[in-house]
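Since the structure comes first, as structure tokens, the remarks are kept for the end.
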Amino acid sequence: MGIRRIALVGILCCATWGTVLVKDVAPLPSSQESCNSLNISQSIDAVGYATSIHDMGCVDGFAWVWATIQVPGSSNGGTQGISVTEVMQFDPWLNLWVALNRAQVCTANQLPRAVYEKGCFSN
Numbered sequence: 013m014g015i016r017r018i019a020l021v022g023i024l025c026c027a028t029w030g031t032v033l034v035k036d037v038a039p040l041p042s043s044q045e046s047c048n049s050l051n052i053s054q055s056i057d058a059v060g061y062a063t064s065i066h067d068m069g070c071v072d073g074f075a076w077v078w079a080t081i082q083v084p085g086s087s088n089g090g091t092q093g094i095s096v097t098e099v100m101q102f103d104p105w106l107n108l109w110v111a112l113n114r115a116q117v118c119t120a121n122q123l124p125r126a127v128y129e130k131g132c133f134s135n
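Start counting the sequence shown at 13; every next residue gets the next number (my numbering).
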């Protein structure tokens, strides 16, 4: 009986402590709150500097973006603009959009329909 009471007290203490911790944690940002050209372009900047966004949209934590980026491209050290299309997924823990490998995710039923149609059938 004594061991069962100790175990019960331990479980109740841990459950109460865990509840307090959960209440003190701020809510994670949502993908819709972060679905804007600034956040999307910052995620593209890992590839090259985004100079313009032509089209973008977000659905259920996924996004597509069609943008022009500047990349190193000339023999004299200059840059050139290229058009890219990216498919991204929002990471709420990092609060940023992460580019996905389109060769892996652009298959039917892996992405929301709008993201699949607008993010998977271009350059």
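We treat Cβ as the ideally placed atom computed from N, Cα and C, and that holds for glycine.
query, result
"Range of the contiguous alpha helix (DSSP H) that encloses residue 116", "114-117"
"Enclosing alpha helix (DSSP H) for residue 53 [first to last residue]", "49-56"
"C-beta atoms of residue 81 and residue 97 nearer than 8 Å", "no"
"Sequence-distant residues of its chain with Cβ nearer than 8 Å to residue 135 (five each side left out)", "95, 96, 97"
"C-beta atoms of residue 118 and residue 99 nearer than 8 Å", "yes"
"Range of the contiguous beta strand (DSSP E) that encloses residue 69", "61-71"
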